[in-house]
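Residue numbers (our numbering), protein chains in the order written: chain Z, 12 to 367; chain X, 12 to 367; chain F, 12 to 367; chain U, 12 to 367; chain C, 12 to 367.
In what follows, a single structure is set out as structure tokens and then discussed.
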Amino acid sequence: MARHALKKRSRKAGLPPGTLVHIGERKTDVIKAVVLDYDEQNCSESVLTDYAQCIALRGKPTVTWVDIEGVHDIEALERMGHCFGLHPLVVEDILNTDQRPKIEDYGEYLYIVLRMLTNGSESGEISSEQVSLILGENFVLSFQEGAKGDVFEPVRTRIRNSKGQIRKLGADYLAYSLIDAVVDNYFIILEKTGERVELLEETLISDPGPETLRLIHSLKREMVYLRKSVWPLREVVSGMQRRDSILIRESTGFYLRDVYDHTIQVIDTIETFRDMLSGMLDIYLSSISNRTNAVMKVLTVIATIFIPLTWLAGVYGMNFKNMPELSWQYGYPAVWLAMLAIAAGMVVYFKKKKWW
Amino acid sequence: MARHALKKRSRKAGLPPGTLVHIGERKTDVIKAVVLDYDEQNCSESVLTDYAQCIALRGKPTVTWVDIEGVHDIEALERMGHCFGLHPLVVEDILNTDQRPKIEDYGEYLYIVLRMLTNGSESGEISSEQVSLILGENFVLSFQEGAKGDVFEPVRTRIRNSKGQIRKLGADYLAYSLIDAVVDNYFIILEKTGERVELLEETLISDPGPETLRLIHSLKREMVYLRKSVWPLREVVSGMQRRDSILIRESTGFYLRDVYDHTIQVIDTIETFRDMLSGMLDIYLSSISNRTNAVMKVLTVIATIFIPLTWLAGVYGMNFKNMPELSWQYGYPAVWLAMLAIAAGMVVYFKKKKWW
Amino acid sequence: MARHALKKRSRKAGLPPGTLVHIGERKTDVIKAVVLDYDEQNCSESVLTDYAQCIALRGKPTVTWVDIEGVHDIEALERMGHCFGLHPLVVEDILNTDQRPKIEDYGEYLYIVLRMLTNGSESGEISSEQVSLILGENFVLSFQEGAKGDVFEPVRTRIRNSKGQIRKLGADYLAYSLIDAVVDNYFIILEKTGERVELLEETLISDPGPETLRLIHSLKREMVYLRKSVWPLREVVSGMQRRDSILIRESTGFYLRDVYDHTIQVIDTIETFRDMLSGMLDIYLSSISNRTNAVMKVLTVIATIFIPLTWLAGVYGMNFKNMPELSWQYGYPAVWLAMLAIAAGMVVYFKKKKWW
Amino acid sequence: MARHALKKRSRKAGLPPGTLVHIGERKTDVIKAVVLDYDEQNCSESVLTDYAQCIALRGKPTVTWVDIEGVHDIEALERMGHCFGLHPLVVEDILNTDQRPKIEDYGEYLYIVLRMLTNGSESGEISSEQVSLILGENFVLSFQEGAKGDVFEPVRTRIRNSKGQIRKLGADYLAYSLIDAVVDNYFIILEKTGERVELLEETLISDPGPETLRLIHSLKREMVYLRKSVWPLREVVSGMQRRDSILIRESTGFYLRDVYDHTIQVIDTIETFRDMLSGMLDIYLSSISNRTNAVMKVLTVIATIFIPLTWLAGVYGMNFKNMPELSWQYGYPAVWLAMLAIAAGMVVYFKKKKWW
Amino acid sequence: MARHALKKRSRKAGLPPGTLVHIGERKTDVIKAVVLDYDEQNCSESVLTDYAQCIALRGKPTVTWVDIEGVHDIEALERMGHCFGLHPLVVEDILNTDQRPKIEDYGEYLYIVLRMLTNGSESGEISSEQVSLILGENFVLSFQEGAKGDVFEPVRTRIRNSKGQIRKLGADYLAYSLIDAVVDNYFIILEKTGERVELLEETLISDPGPETLRLIHSLKREMVYLRKSVWPLREVVSGMQRRDSILIRESTGFYLRDVYDHTIQVIDTIETFRDMLSGMLDIYLSSISNRTNAVMKVLTVIATIFIPLTWLAGVYGMNFKNMPELSWQYGYPAVWLAMLAIAAGMVVYFKKKKWW
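Shown next as structure tokens:
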């Protein structure tokens, strides 16, 4: 749960359940409600302006899909909820845009929460918004926060063009298609994340620095966030499969199994990224310590060679009256030779020890 | 289990089960028992002074809520227990304020233990007190330790003002409302904790020190404590949902699922904080080691440059009779030049190796 | 499994099952068998001297409790086993005092193994001994190794004084009371351990040393040992609850649930201690590395200041004929000034970098 | 999921389910479809050129095995799918060569996905390709990506030569044989990996370097990849065993249990390699730190011996007028003696401390 | 799976299932097959020379135990398998001596695989060999690799001497006795391992070195190997208990529960050793780092004391014409005093900081 959501959520404490408060950022100004009404032959599209029109939408034999963008207008949602007979707690959850993916069976309809992922434009950081689906007998309601992008557009196009079998199948297949659209979108997000991970890996080898560490940690945290957004989806989809709700036809089962597989693949990929980032952390830390060791060795080699030489020079810099070596003809060159010999011996020793 | 509780608890060893000993700190002086008696039309409020009045409260068709603050008066609780037909072990558990959240089915009533969280006023450290609920057919008993704050006040207000549907529904809905009030309070606590974590994160970047380490560890320990207080609540709530007790109506199920979701969100947030703190520990340790490396490098650079120079100065400080260089016209400037050349060479080498 | 037990155990290899060998240290010299025979009205106490008397104890309508201290007398136990119809494997297990807590249903009786904890007198190190219980229809046999302390004394007193309801209830309640006595004793042990952990925590802050590390590790190992002794008890107690053995009356179920809760609390406390010790390990290691860093910094500061100064002194210690500075009037004070300037510059730099 | 697959996969987002897109690298140019048709007496072999011939293959009493190599020809696969009545999602999965091993029951046929492992020729790095099996009543379809090697050749030979009982048993035994061939191949791959691990272990002892670290990490990542490819196979095989599909005869159960055991052995071996690599990582890090310590010690010993000596030489290099030692007859040798004594003392001290 | 086994195993790839290849080292030259035939009254012992004699062994009312040592003679085993009606996969598994412990129900007989542990004579390193048991209605076949030691000898002696109840009970009790003999042997192995762990612990305190690290890691790896050999045995034994095979009488259940307990004890002990070794690793690493710190401190103390002193000596070694101190009467002693004062100050400072 993000900080800002926590703040709003904590302000709700003490209010009776079902009290409607919008939790989350207001991501769009206008609320748009697009109605698609179709069966195999016909398909009509309209924009809902007055929520009293909802009544007319119920009980039709055709499949009706109402897609609402923007969930901050409490009153509109409340009226809509009344009209479709939604439980107050469902409307409350649609407004609280910090739910985990979940599925709830209310008998006459299923309430499904998903999280749609989006990439921040520059930094590529991942954020998510809540998508709520209501699957009734002949209708699907979808609620998006409406930030940017619309992953449902391809589904809409398929309905309009009667592409695939979407027009032949019922509301449950529509719900599946919307879930599938959300999951498909994960792959796009993951691909971008993969690029960032690879870029980081290259930086790690070419020029690791404290910034690299910060980036590894921030990506790791993103992976944890992603995992939390996607992991419960497994149970949602397998819950839909297992459920003996009359709302889900048997034939849709195969498709749900397919989207389940995709979810597993997404989770697998996230896990792989996490493993890679953990490995990168290890490599970073050990490269830092390698660098320290390299610095260390230079210090040792230089210091160990010159300290004895300096001492030798110091000895012959003493002012004793009686130092016979000082008067020797070749005393000075002899000291030079001794110094060179010591230095050479050290170097050979270090080479042998592979410290150089 | 806290130390002081352990001490009291260990003193109880050897006493027969059901022996009533108050374990915990006495948090309030006066014991207050407020009785709320309501149905859809009426609502009366009174303060219980004589525990013999309890008898009169049983068997009414209205919903009766007795809220007791302060659990150190063993005798009063014992009489109350007798009056409502509570098992001696239940009374014992109400007195031992170090229980984990749990639910126990005694046939005629359910015994539910929750932990309410409070923030220490200055340090913001989290502590908890025990809230015991007894849900009978037409009554709810609630026992608080009565330290500070009263998370049940909003529920009381809703009953008085007949806000929401609380007056229309039974004792099980009241019990749910009390649990919900406790869980809602968690969000307030978590928000404050979130602030502390963020503050710590800023300190970690601006000015990390041993104190930061201590704070990270203390916050981590708090998260473990929190987790232990909240985690079993999941099972309590899902236990209430699953239970085919006649005490819980089916319609309350939806509300319990809602509070279950909130509990999951609380646990999720705690986990996120734990992850953040673990990451901060990593960053702290690596920033400390970075600092050591920086110190190291300066030492190496300074030492490695000046050690050979000092040796060179030492050589020409020797007192050999026969040192031709000493008499050369430009011997002295030549040595200076040599020294500058060595130093410059080193600096270039270090720059190339990126050690500077 | 402790080393000495492993040694004895391995010597048993190859013998047929049911071969009776005492594994463990002989902890008492005399074997004491105290018989308590009671119902609601009467209570008689006697000491068993001849194991043939056992026969007389069976089949009585009263509850009979035979408490045996010392399990190294193989022959006596064998005769006792015959008399109460115990399976040879049960007698074998009573003798092998290194069992994990377990419950085994032999139809006519339940065999329960517990571990009783004791504190070493000086060091406070925790050791454990095996307590075996046989719960038959109207009798309970208890076998202790008989080292020191007797946690069953309070139970005996309650029977003698008819305190609580112990005299009114059957053998299963007696068995519960004995288990409860063992679990209650854990709290006493844990309190002492808590004191040791706190003491260690203080030492960690005031004066950490290699000894601290050793103590942390030894306490951690004790916690692992404790956990192994207590953890399986959960299953033993919940096994007794679930079991539809006719030996356990329904009314005892509440009490078993209570002792189960206590076991969970004990395990929780052990886990908390483990967490604390792990945190202390982290703090210890990081305080050691902090200390190294502190030492490091002093070295760096002193060395980095004086190495250039020494070089400067070396330069003017050279013996070149032609060194004009040496003859300058203020050459010497100028060098002193230069040295002070370099030192001051360094100090300022270090202060700025916060290395001092 | 590999990067290139992620890229292709993300491009598929928005297309209706069952849309056929080949995901993976095109590993072969020609698509080869070999048909083996056999019963106990006869065995005929042909190459499928026109996919309309498929119709003729259905409904025969003999066992028909169609082995397709190359899965990038979407159209051919689509026609084949139509002909054998495959669900569009199955054909889609055959094309998406990045599936995890799985088994799906479509009533009339089972769809099984396996991963076949191959070693990169030079580096020995492990890659995998997807093998899809369709087990129908009298037929088996197998789809390989067709990179290199053909693990099915031995099975084909056995059919041709009527070796073993393969000709006597049905399509389910054939499917088992193919799975067994894939699992047998794992052992070959693992043997090569084992060689690489051993080689790395030797390098670790003889000449550890940053390259060793990189290799350990890359092998660890390969093990994770391997594990992901093999682990779900357990469930696939045990799923086939448990399944009460009429497609799998009881007698095949024993063989499936055998292949299950092999899978467990493969996973065990992978785990062993992972453990070995983790141990190697520990040894690498500690050998690096040992090396630093060794370097450290030399520095300490040399510096600690010569620093006091240099100071002593410095003292007698001072130019004070009044330094009586300088005029002493044996001043100079005395200083030498003092220096030797100090050096010897240090050496003895270090030897005693075992720092040398 | 060991490397050599992997090599042999990978060579088997492609052969049809049931192909008999011996995998493992040939551990004995002659194959010995000892037949024990007994009932309560009689017991005859013979050596099987011709495997056609097997036929005569079947269908007798007495219990027949055929103990085969050496499993590399493929032909002999094949004929034996035919004679006792064993499935080809069972014979294959007997030959592949790298199985994990497992139990397989073939209806008419149970196939049980165990691993017997042996200690390498000098190093004490643990290796294991495979023991296969076939439990039929009136017969038990046991297959050992026949390296060294014979843990079945005590069982044989008990049968010959009619010790215990082994002669009175059936083939299932015999099978239990053999499993028990194998498990009993584990305790002997564990005792030796315990000695090695203790020895290592002492070395760790008295004289830790790189060899100690290597030993810790090798023991840890042995523990992992042990665990893998013993862990699945739990399921084997509990599988025998649960199994409603007519081959296992109810009375044997108690004995199986006993051997199950022993298995748990073995696993517990292995876990304890692992924990101890992990703790030793921590202590080793921290003792190494303590040593580095100690070395560090000596360097710091010596260097920090002498570096300023050397500088001071250098100052008065300068050759400036105009250095008034040099001519002072007590200049030289004054410098000595200053040096002593500086050194003493440093020592006091270090003492206070507890760095000495």
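Beta carbons are placed, not taken as given, at the ideal position from N, Cα and C, and that holds for glycine.
Return the CA-CA distance between Tyr-271 of chain U and Leu-88 of chain C, expressed in angstroms with no decimal places. 24 Å
Considering only the beta carbon of each residue, do Ala-182 of chain C and Val-74 of chain C sit closer than 8 Å? yes
Between the beta-carbon of Tyr-120 of chain F and the beta-carbon of Ile-145 of chain F, is there less than 8 Å? yes
Exposed unless 16 or more other CB atoms sit within 10 angstroms - verdict on Gln-52 of chain Z: exposed
Using the Cα positions of Ser-229 of chain U and Ile-294 of chain Z, report the straight-line distance between them to the nearest angstrom. 11 Å
Here's a check: name, in chain order, each residue in its chain whose Cβ is nearer than 6 Å to the Cβ of Glu-372 of chain U, leaving out the five neighbours to either side. A query on residue 372 of chain U cannot be resolved here, the shown segment of chain U reaching from 12 to 367 and no further.
Could you work out which residue in F:Glu-233, F:Ala-192, F:Pro-335 is closest to Gly-131 of chain F when comparing CA atoms only? F:Glu-233
If we require 3 or more residues per run, which beta strand (DSSP E) segments fall completely within the segment 38-102 of chain Z? 43-49, 54-58, 74-80
Give a yes or no on whether the minimum CB-CB distance between Gln-340 of chain Z and chain X is below 8 Å. yes
Span of the beta strand (DSSP E) holding Thr-108 of chain U? Segment: none, Thr-108 of chain U is in no beta strand (DSSP E) and carries neither H nor E.
Just to make sure I have the definition right: I need the residues of chain Z whose C-beta is within less than 7 Å of the C-beta of Pro-28 of chain U. Which are they? Asp-191, Tyr-266, Asp-269
Length at least 4, wholly inside the segment 215-260 of chain C: the alpha helix (DSSP H) runs in chain order: 221-253
Tell whether a beta-carbon distance below 8 Å holds between Phe-265 of chain F and His-98 of chain X. yes
Would you tell me roughly how many angstroms separate the C-alpha atoms of Arg-238 of chain F and Ile-278 of chain F, rounded to the nearest one? 7 Å
State the beta-bridge partners of Phe-150 of chain F as determined by DSSP. F:Thr-75
Once the 5 residues before and after Asn-149 of chain C are set aside, which same chain residues still bring their CB inside 8 Å of it? Gly-70, Lys-71, Pro-72, Thr-73, Val-74, Thr-75, Gly-181, Ala-182
State the Cα-Cα distance for the pair Val-241 of chain F and Arg-111 of chain F, rounded to the nearest angstrom. 9 Å
Run down chain C in chain order and give the residues with a C-beta less than 7 Å from the C-beta of Lys-332 of chain U. Leu-337, Ser-338
Under the assumption that Val-82 of chain F contacts Glu-156 of chain F (Cβ atoms under 8 Å), give the Cβ distance between them as a whole number of angstroms. 6 Å
Burial state of Glu-103 of chain X (16 or more Cβ within 10 Å): buried
List, in chain order, every chain Z residue whose beta-carbon is nearer than 7 Å to that of Cys-205 of chain U. First, the residue type needs correcting, since residue 205 of chain U is Gly and not Cys in the sequence shown. In chain order: nothing, as chain Z lies at least about 22 Å away.
Would Ile-316 of chain F and Met-357 of chain F be called neighbours here (beta carbons separated by less than 8 Å)? yes
Proximal residues to Cys-94 of chain Z (C-beta, below 7 Å), its chain only, five neighbours per side dropped: Tyr-62, Cys-65, Ile-66
Tell me which same chain residues have a C-beta within less than 7 Å of the C-beta of Thr-274 of chain U, skipping the five on either side of it? Val-194, Val-241, Leu-244, Arg-245, Val-248
From the DSSP output, in three-state form, read off Arg-197 of chain F for me. First, the residue type needs correcting, since residue 197 of chain F is Tyr and not Arg in the sequence shown. Helix, per DSSP.
With a threshold of 7 Å on Cβ separation, who are the neighbours of Tyr-49 of chain F within its own chain once the five nearest residues in sequence on each side are excluded? Thr-73, Val-74, Ile-170, Arg-178
Own chain residues within Cβ distance below 8 Å of Ala-192 of chain C, not counting five before or after: Val-162, Phe-163, Pro-165, Val-166
Whose C-alpha, out of Z:Leu-189, Z:Gln-176, Z:Thr-129, Z:Asp-218, is nearest the C-alpha of Ile-123 of chain Z? Z:Leu-189
Could you spell out the range, first to last residue, of the beta strand (DSSP E) harbouring Val-124 of chain F? 121-130
Rounded to the nearest angstrom, how far is the Cβ of Asn-330 of chain F from that of Asn-333 of chain C, given a contact under 8 Å? Incorrect: roughly 17 Å between the Cβ atoms, too far for contact.
So is Pro-369 of chain X in contact with chain F if we call contact Cβ pairs under 8 Å? The requested residue 369 of chain X does not occur in the structure, where chain X is confined to residues 12 to 367.
How many whole angstroms separate the CB atoms of Val-309 of chain X and Thr-303 of chain F, which I take to be in contact at a CB cut-off of 8 Å? So it is not a contact: roughly 17 Å between Cβ atoms.
Kindly indicate if chain C contains any beta-carbon less than 8 Å away from that of Ala-324 of chain F. yes
So which of Z:Lys-113, Z:Leu-128, Z:Leu-185, Z:Gly-175 has the shortest CA-CA distance to Gly-147 of chain Z? Z:Leu-185
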